[in-house]
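Letter 20 of the sequence shown, counting from 1, is numbered 20 in UniProt numbering, and no numbers are missing. Quick reminder that beta carbons are idealized off the backbone N, C-alpha and C, glycines included. The structure presented is a predicted model; accordingly, all values stated were derived computationally and were not measured. Each remark here refers to the structure printed beneath this line.
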Amino acid sequence: MFLIIPNQKYQSTPKQVKIDMAKVAVVLFLTAAALVCCHAVTDRPGACKLSDIHVSVAPTGKTVAAQPQYLVTMDNQCNCAQISVRVGCPGGLSSTEPLDTSKIRPEQGGNCLVNGGIPISKGSPIMFTYASKTPQSFLVTMAVPHC
């Protein structure tokens, strides 16, 4: 940084200009790095939505006690893990085969707790099967982002 004093002629030497340009380059580099860093961390708790949890129900082609079996896959598309995920399952989840309650557990109030409430990370889907006369829809009713 240079201080200009009034009534004095200001002349910069090549060395002073080189130092000043080096400082400018460092500041620009640090600013660019900060912008890249901030842009890379766009998924904050407020950035996840319920719609980031994709639920699919597909027939497996098998039957259990004369009822078709379905495979449910719940996949988190948010970069933040999501905890305490609950889906709607009014009246519980009727199945002719035992449910894996570590993956899906009916609760009072018409919801089911997914994965025991522990985080569901992007790229690590939760899957379980059930057997019932008709497929059930699992609407996500709650999820808490955990970044």
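- Exposed or buried, A32, counting other C-beta atoms within 10 Å across all chains shown (16 or more means buried)? Here the question's residue 32 lines up with position 32 in the sequence shown. With a pLDDT of 43 at A32, under the threshold of 50, the predicted position of this residue should be treated as unreliable, and no value is reported.
- Same chain, Cβ closer than 6 Å to residue 148, five either side skipped, listed in chain order: Nothing can be reported for residue 148, as the shown portion of the chain is limited to 1 through 147.
- Query: Taking Q77 as the reference, which of S84, N115, L139, D52 has the closest Cα?
  - Reply: Here residue 77 refers to the residue found at position 77 of the sequence shown. Answer by Cα proximity: D52.
- Message: Given this structure, state the Cα-to-Cα distance separating P119 from M127, to the nearest angstrom.
- Response: If you number the sequence shown from 1, residue 119 lands on position 119. If you number the sequence shown from 1, residue 127 lands on position 127. So the two alpha carbons sit approximately 14 Å from each other.
- Figure out for me which residue from H146, P145, C147, Q136 has the closest Cα to the Cα of G88. Numbered from its first residue, the sequence shown carries residue 88 at position 88. The candidate whose alpha carbon is nearest that of G88 is Q136.
- Message: Can you tell me whether N115 is helix, strand or coil according to DSSP?
- Response: Start at 1 with the first residue of the sequence shown, and residue 115 comes out as number 115. Residue state, collapsed to three classes: helix.
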